[in-house]
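To start, the structure itself, in structure tokens.
There are 2 protein chains.
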Amino acid sequence: MKKIAVLGYGVVGSGTVEVFYKNKEALEKKVGEELDIKYILEVRDCPDERYRDKFTKNFDDILGDPEVTVVAEVIGGIKYSYGYVKSALEAGKSVVTSNKELVASKGAELLKIAKEHNVNFFFEASVGGGIPIIRPLNQCLSANEIDEIAGILNGTTNFILTKMIKEGMGFDEALRIAQELGYAERDPSADVEGHDTCRKICILASLAFGRHVYPDNIHTEGITKITLEDVKYCESMNSVIKLIGFASKRGNDVAVMTCPAVINEESQLSGVNDVFNAILVRGDAVGDVVFYGKGAGKLPTASAVVSDIIVAAKSHGTSRSMNWEDSAQDFVIPYKKLDNKFYIRAKADRKTVEGIFGEVRFLSRDGAPDDECAFVTPVINEAELEGKCASLDVLGLIRVLDY
Amino acid sequence: MKKIAVLGYGVVGSGTVEVFYKNKEALEKKVGEELDIKYILEVRDCPDERYRDKFTKNFDDILGDPEVTVVAEVIGGIKYSYGYVKSALEAGKSVVTSNKELVASKGAELLKIAKEHNVNFFFEASVGGGIPIIRPLNQCLSANEIDEIAGILNGTTNFILTKMIKEGMGFDEALRIAQELGYAERDPSADVEGHDTCRKICILASLAFGRHVYPDNIHTEGITKITLEDVKYCESMNSVIKLIGFASKRGNDVAVMTCPAVINEESQLSGVNDVFNAILVRGDAVGDVVFYGKGAGKLPTASAVVSDIIVAAKSHGTSRSMNWEDSAQDFVIPYKKLDNKFYIRAKADRKTVEGIFGEVRFLSRDGAPDDECAFVTPVINEAELEGKCASLDVLGLIRVLDY
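This is the structure we're talking about:
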């Protein structure tokens, strides 16, 4: 009999308990022994009568109980979770988590502690909700040198952009609907400013390249400046705007960024709509593979947490976690050294634009004012672009990515 | 140091050796010790000078060498591979294979032998080439009860259908081009008659439902009867024709079939073109997830074989294989008991059709002869449909599936 503790009884925590008890019999068959949730750590007074005997407000009950071999951390944030996870690993318990903030900022350290104590630290649910991506990347694609990862990693912003692209809705209205539907929080900044995507691409990049990529080192832009005018111009070149997190191997270094990007309709990422996520992985042997599904939500995320619990329970006593080393900041190329094509919308005439950028591809849209000009630049260095744009009244600027 | 033997030096075998040596250093880092290929079993005289010292024609060299802990079987077929794999497992060596025929017909037995000898039998490469699907299904989605799996599992037929749909090319011409490009064999029957897809859906169904689904029990139809007329009619209802393998849980039993299917353009499977494969998995917690990539080819398949080698090498001495039990034939519902909607093209008038089927959805296409009638039936039992069609001059009949 393996005993489990669940830390947190919010959306993901209650989903985890629900999925666990719904499929308990099948899960036990997979592990080959009985399983049960012994504790649920929750500060509120017994939020669910069914599990009255399992609730505790005291983490030490769990930490001190040698019967508990697997701990599922689904509190979120860093404040409490970091200490809890660290102590649990040090006490010889395997930990699974859905906490992308924790993994993105402390992954290397926690993986090291797990290894030292011969236990596991799994975090399939931290990226892509229920979509299998962490373990496939770590195991099924392990024969490959990973050249590129690019993903639509945030359902909220993808929902908003889909509304803008498919229904011609403005950003503010689309955000309001996302909030009404519970897809966006009252303070939506973590989503719309790109921070959530940034954490997730950092986790994927760390895993793919074997060295920790920290969110603080990553250039991150959100979607708040995207307008319907930009959407229309992109449509005219059979492209859509998506919020992309990408990580790209460049020799011994890596380019990692979170930004809105113009993506051609031919791309497997262009047709990913609403709250769905998709992650494209480009390996030297396998070519492109894409993983698609619901990137968030109670049950999809719980699916990944419970699956990790199963693997952790089955493999307790062996350290099977993935590994990445800690890293120096200079591992990530400063974004201003990167080259890209850019979509630019500006108050300017074509002659001025050509005077600055040379030959560009001009775009058009219905109802454009006479003094507006939209175009795609040749490949150009980011810092150089900044200089060129200084003399231009730029209304919109989005990278054109080739995924 | 872990020593590996590769059985077979054809397309996949030479790809396996190539990927292994290309990324050897990184692979060794992942396993945590040195790795090498000690033997390559091949009946031809040294087909590759670079590996002159590794070639052998005698399997007993490998079987009797206690240094070899992982055997990669990439010969294909059953004739030799079955005996080799069985003996290797019994000798305490882990085996990885790309051989779908072997896994589909002998999977339950070989998994049992692997378990009894505390070794592993992995077969990620047997379905979807380099696309991670076996391990994600077995591990990352293990919290779920799997309700449905549906996939485009054969690149050759998908290439042919894409040519028909996108370029209006006839079946014979599309097949000829597929053969010229090396996508189809000179005898293309295993692909175009659906047997390859059948084996793959049997493997996925066995894994998802925990009991062996044998190819002999599965209704299998290929794409040789699909015409451009059918393609056009389906286009008129925003749908495409794809060769689908599906497995669907129905209470304690399962429905499994390989057949061409009419798929709506809204489906994630409809946009999968050319030689690409995609597999949709529907779980009770995660909802729909889709895995997409190259389903065949030297390096993609080698990617999966080498990744399995890595996991096998890393976990040697523990049995971590998936599991499915052997099963009685009555586990799979006879296909004539199933219900479906059907697309039918017939020499008939609308009145006759309505007399037989009641209310149907009529379809149209440019240039249809007056005596041709195409329509979609209501949901109807397969056996009942057969009866109804007996009095009709049926020119085309395809299931309409909702994935």
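As you go down the protein sequences, you meet chains A and B in turn. Going by this note's numbering, the final residue of the first sequence carries number 405, and the count climbs one at a time with no gaps. Going by this note's numbering, the final residue of the second sequence carries number 405, and the count climbs one at a time with no gaps. Here a beta-carbon is modelled for each residue, glycine too, at the ideal position from N, C-alpha and C.
- Taken atom to atom, the span from the alpha-carbon of Y185(A) to that of H197(A) is near 16 Å.
- Here the C-alpha atom of T222(A) lies approximately 40 Å from the C-alpha atom of K24(A).
- If you ignore the 5 residues before and after F359(B), its C-beta comes within less than 6 Å of the C-beta of T379, all in its own chain and listed in chain order.
- Runs of alpha helix (DSSP H) with 4 or more residues, each lying fully within the region 7-49 of chain B, are found at 13-24 and 26-33, listed in chain order.
- The beta carbons of Y84(A) and D50(A) sit no closer together than 8 Å.
- For the region 289-303 of chain B, residues whose beta-carbon sits nearer than 7 Å to a beta-carbon of chain A comprise G289, D290, V291, V292, F293, Y294, G295, K296, L301 and P302.
- For the set A192(A), K343(A) and S305(A), the Cα lying nearest the Cα of A263(A) is the one of K343(A).
- A contact is defined here as three or more CB-CB pairs under 8 Å, and the region 171-187 of chain B fails this definition with respect to the region 300-311 of chain B.
- In chain order, R54 and F57 place their CB closer than 8 Å to the CB of C48(B), counting only its own chain and leaving out the 5 sequence neighbours on each side.
- Within the region 115-149 of chain B, those residues whose Cβ lies closer than 7 Å to any Cβ of chain A are, in chain order, E126, G132, I133, P134, R137, P138, Q141, C142, L143, S144, A145, N146 and E147.
- Taking 8 Å as the cut-off, the beta carbon of A304(A) is found closer than this to the beta carbon of V21(A).
- The DSSP assignment places 157-169 as complete runs of the alpha helix (DSSP H) inside the region 110-171 of chain A, in order along the chain (cut-off: 4 residues).
- Note that the C-beta distance between E147(A) and A376(B) is not below 8 Å.
- Taking C-beta atoms under 8 Å as the contact rule, D149(A) and R284(A) qualify, at a distance of about 5 Å.
- Contact of G285(A) with chain B is assigned, a C-beta pair being separated by under 8 Å.
- Contact annotation: the region 328-343 of chain A does not touch the region 121-129 of chain A, with fewer than three C-beta pairs closer than 8 Å.
- The way I'd put it, the region 269-277 of chain A doesn't touch the region 364-374 of chain A; fewer than three beta-carbon pairs between them come closer than 8 Å.
- If the five residues before and after L112(A) are omitted, its C-beta is found closer than 8 Å to the C-beta atoms of V87, K88, L91, V97, L104, V105 and F123, all from its own chain and listed in chain order.
- Three or more Cβ pairs closer than 8 Å define a contact, and the region 167-177 of chain B meets that threshold against the region 224-244 of chain B.
- Under the 8 Å criterion on CB atoms, K32(A) is classed as interfacial with respect to chain B.
- In the structure shown, L104(B) adopts helical secondary structure according to DSSP, grouped into three states.
- Proximity of N160(B) to chain A, defined by a Cβ-Cβ separation below 8 Å, is not satisfied.
- Residue contact check for N156(B) against chain A: no CB pair falls below 8 Å.
- No beta strand (DSSP E) of 3 residues or more sits fully in the region 166-248 of chain A.
- In the three-state DSSP reduction, I311(A) falls in the helix class (H, G or I).
- G153(A) and H119(A) do not touch by the CB rule: their CB atoms are close to 32 Å apart, not below 8 Å.
- A74(B) carries a strand assignment under DSSP once its states are collapsed to helix, strand and coil.
- Where K349(A) is concerned, the enclosing beta strand (DSSP E) starts and stops at D341 to K349.
- For S89(B), the enclosing alpha helix (DSSP H) has its first and last residue at S83 to E92.
- By DSSP's assignment, G398(A) forms a beta bridge with R347(A).
- Against chain A, the CB of N25(B) has a partner CB under 8 Å away; the residue lies at that interface.
- Residue contact with chain A for S305(B): present (Cβ-Cβ distance below 8 Å to some residue of chain A).
- Residue state for G357(A) is assigned as helix, using DSSP reduced to three classes.
- Per the DSSP secondary-structure output, M259(A) pairs in a beta bridge with H221(A) and F248(A).
- When DSSP states are grouped into helix, strand and coil, R363(A) belongs to the strand group.
- As the crow flies, the alpha-carbon of E267(A) is around 28 Å from that of K300(B).
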